[in-house]
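Have a look at the structure below before the remarks.
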Amino acid sequence: MTAIVSATDFTPANDMMYTKVKINSVGGKSIGIINSNTKRSLMVSTPIMLNWGVNVFDNQNGTKAYSLSLQFPREEFSTDSTNELLNMLKDMESKILDDAVENSKDWFGKSQSREVVEAFWNPILKYPKNQETQEPDTTRAPTLKVKLPMWDGVYKFELFDMSNNLLIPNDEGRSPDMVIQKASNIACVIQCGGIWMANGNFGVSWKLFQAKYKENIQLEVGKGVCHVPLSEEDSSKMAVSGSSEDETTNIAGNTTMVESDDEGEPETEVVAEQSVQIEEQEPVPVEQKPKKKRVVKKKSTE
Numbered sequence: 001m002t003a004i005v006s007a008t009d010f011t012p013a014n015d016m017m018y019t020k021v022k023i024n025s026v027g028g029k030s031i032g033i034i035n036s037n038t039k040r041s042l043m044v045s046t047p048i049m050l051n052w053g054v055n056v057f058d059n060q061n062g063t064k065a066y067s068l069s070l071q072f073p074r075e076e077f078s079t080d081s082t083n084e085l086l087n088m089l090k091d092m093e094s095k096i097l098d099d100a101v102e103n104s105k106d107w108f109g110k111s112q113s114r115e116v117v118e119a120f121w122n123p124i125l126k127y128p129k130n131q132e133t134q135e136p137d138t139t140r141a142p143t144l145k146v147k148l149p150m151w152d153g154v155y156k157f158e159l160f161d162m163s164n165n166l167l168i169p170n171d172e173g174r175s176p177d178m179v180i181q182k183a184s185n186i187a188c189v190i191q192c193g194g195i196w197m198a199n200g201n202f203g204v205s206w207k208l209f210q211a212k213y214k215e216n217i218q219l220e221v222g223k224g225v226c227h228v229p230l231s232e233e234d235s236s237k238m239a240v241s242g243s244s245e246d247e248t249t250n251i252a253g254n255t256t257m258v259e260s261d262d263e264g265e266p267e268t269e270v271v272a273e274q275s276v277q278i279e280e281q282e283p284v285p286v287e288q289k290p291k292k293k294r295v296v297k298k299k300s301t302e
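Right under this line is the structure:
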């Protein structure tokens, strides 16, 4: 059986086992998680997923640590593969919590209730917080944090492009944050780092083993790069110097002006001359004052 499994081939309730508790030099504890079918470290393949770029952390010894978060899609954009991975990780969380209660004396030094264990738990799946309650909003899509391992300045993972060319490690000294773009897509093989326990908390870590990366092509103005595509026919037309009046008519004669839907965009308004037709108006009659009648008295003829 291959060491790398897909989410559909791994059932946490049946296929997961633990190593003995180990105590490190600073008092922290760790417990390995093993694929019971292969008796080796658990390695899971992921579908291609969105990521939000590389997070860079400065260690106390002056070195840097790198990680990225795989974004599960919203329900309307989810696929069978992303749903299977999400459900597998949920089942894994549930089993670890059950086993932590059952083995709490060995893991934590004394018996603990489920409520206390859940308070210690650092979830595998990270959900956005509800702005009002500040509690994880499980109605939204979560992310999965994946570490990018490096020891003594050497990267312990491999990153390839879509043509299987090696991007990391590289001879140019390009670090993960210089290669992996924000909002790009990546498909991974991730390795479970087991359970960690420190400062009263515990959780599960994942680290990158290999990944195939699809660069996010961004179109930008101001870089002096032309993004206008032309067909061979259009290129040939534009390459001809000059054009006759008939050719110009053929190209532009059938063009119909369409009003823009953009509102509020400042543009220079061109006012065209318009011929104004002035209608002749009938003369307004002038009101005349009524003439007074002249009364002439006749002389008497006696």
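According to this note's numbering, the residues represented by the sequence shown are 1 to 302, in order. Every residue gets a Cβ at the ideal spot worked out from N, C-alpha and C, and that includes glycine.
Report the three-state DSSP secondary structure of N14 (helix, strand or coil).
Looking up residue 14 in the sequence shown gives position 14. In the structure shown, N14 sits in a helix (DSSP, three-state: H, G or I).
Output the boundary residues of the alpha helix (DSSP H) element that contains A7.
The residue labelled residue 7 in the question sits at position 7 within the sequence shown. Careful: A7 lies outside any alpha helix (DSSP H) and carries neither H nor E.
C-alpha gap between F120 and G193, whole angstroms
Start at 1 with the first residue of the sequence shown, and residue 120 comes out as number 120. Start at 1 with the first residue of the sequence shown, and residue 193 comes out as number 193. If I take the Cα positions, the gap works out to 18 Å.
Span of the beta strand (DSSP E) holding L144?
Stepping through the sequence shown from its first residue, residue 144 is reached at position 144. 143 to 148 is the extent of the beta strand (DSSP E) around L144.
Can you tell which of E115, N55, N164, G200 has the C-alpha that lies nearest to the C-alpha of V101?
Taking the sequence shown and counting its residues from 1, one reaches residue 101 at position 101. The shortest Cα separation from V101 among E115, N55, N164, G200 belongs to E115.
If the criterion is Cβ atoms closer than 8 Å, does the pair T138 and Y127 meet it?
Looking up residue 138 in the sequence shown gives position 138. Looking up residue 127 in the sequence shown gives position 127. Going by C-beta atoms, T138 is nearer than 8 Å to Y127.
Under 8 Å: do the segment 39 to 49 and the segment 105 to 113 share three or more Cβ pairs, one atom per stretch?
no
Could you check where the alpha helix (DSSP H) with E102 kicks off and where it finishes?
Along the sequence shown, read from residue 1 onward, the residue named residue 102 stands at position 102. 80 to 102 is the span of the alpha helix (DSSP H), which, as asked, contains E102.
Can you tell which of A211, N185, F202, G153 has its C-alpha closest to the C-alpha of N164?
Here the question's residue 164 lines up with position 164 in the sequence shown. Comparing Cα-Cα distances from N164 to each of A211, N185, F202, G153, the minimum goes to A211.
Where does S236 fall in DSSP's three states?
In the sequence shown, the residue the question calls residue 236 occupies position 236. DSSP places S236 in helix when its eight states are reduced to three.
So, helix, strand or coil for A119, using DSSP?
If you number the sequence shown from 1, residue 119 lands on position 119. Residue state, collapsed to three classes: helix.
Is the segment 79 to 97 touching the segment 2 to 12, taking contact as three or more C-beta pairs under 8 Å?
yes
With a floor of 3 residues, list each beta strand (DSSP E) that falls wholly inside the segment 7 to 67, ordered by position along the chain.
16 to 18, 29 to 31, 33 to 35, 43 to 45, 49 to 58
Using alpha carbons as the reference points, say which of V204, S25, G200, P142 lies closest to R74.
The sequence position of residue 74 within the sequence shown is 74, counting from 1. Nearest option by C-alpha distance: P142.
Take every Cβ of the segment 172 to 186, pair it with every Cβ of the segment 92 to 101, and state whether three or more of those distances are shorter than 8 Å.
no
Pick from S205, N185, Q181: whose alpha carbon is nearest that of Q191?
Translated into positions along the sequence shown, residue 191 becomes position 191. Looking at the Cα atoms, S205 is the closest of the given residues.
N-terminal and C-terminal residue of the alpha helix (DSSP H) that N178 is part of
For this step, residue 178 is matched to residue 178 along the sequence shown. Sequence inspection shows Met at residue 178; the Asn mentioned does not correspond to that position. It spans 176 to 179 - the alpha helix (DSSP H) in which M178 sits, taken as one unbroken run.
Since G222 is in the beta strand (DSSP E), which residue starts that stretch and which ends it?
Indexing the sequence shown from 1 puts residue 222 at position 222. Taken as a continuous stretch (DSSP letters only), G222 belongs to no beta strand (DSSP E), as it is neither H nor E.
For I180, which option in I23, K223, D106, L70 has the closest C-alpha, if you only look at C-alpha atoms?
Locating residue 180 in the sequence shown gives position 180, counting from the first residue. Out of I23, K223, D106, L70, L70 has the C-alpha closest to the C-alpha of I180.
May I have the straight-line CA-CA distance separating M17 from W107, to the nearest angstrom?
In the sequence shown, residue 17 corresponds to position 17, counting from 1. In the sequence shown, residue 107 corresponds to position 107, counting from 1. Taking the straight line from one Cα to the other gives about 14 Å.
Proximity to V29 [Cα-Cα], best of M150, I168, F202, S6:
Reading the sequence shown from its first residue, position 29 is the one you call residue 29. In the sequence on display, residue 29 carries Lys and not Val. That would be F202, whose Cα lies nearest to the Cα of K29.
The beta strand (DSSP E) enclosing I186, as first and last residue numbers
Here residue 186 is taken as the residue at index 186 of the sequence shown, counted from 1. That run of the beta strand (DSSP E) goes 184 to 198.
Cutting at 6 Å between CB atoms, please list the residues of its own chain near I23, excluding the five before and the five after it.
Counting from 1 along the sequence shown, the entry for residue 23 is found at position 23. Cβ neighbours of I23 beyond the five flanking positions: K29.
Taking buried to mean at least 16 other C-beta atoms within 10 Å of its own C-beta, is F72 buried or exposed?
Reading the sequence shown from its first residue, position 72 is the one you call residue 72. Looking at its Cβ environment, which holds 16 or more other Cβ atoms inside 10 Å, F72 is buried.
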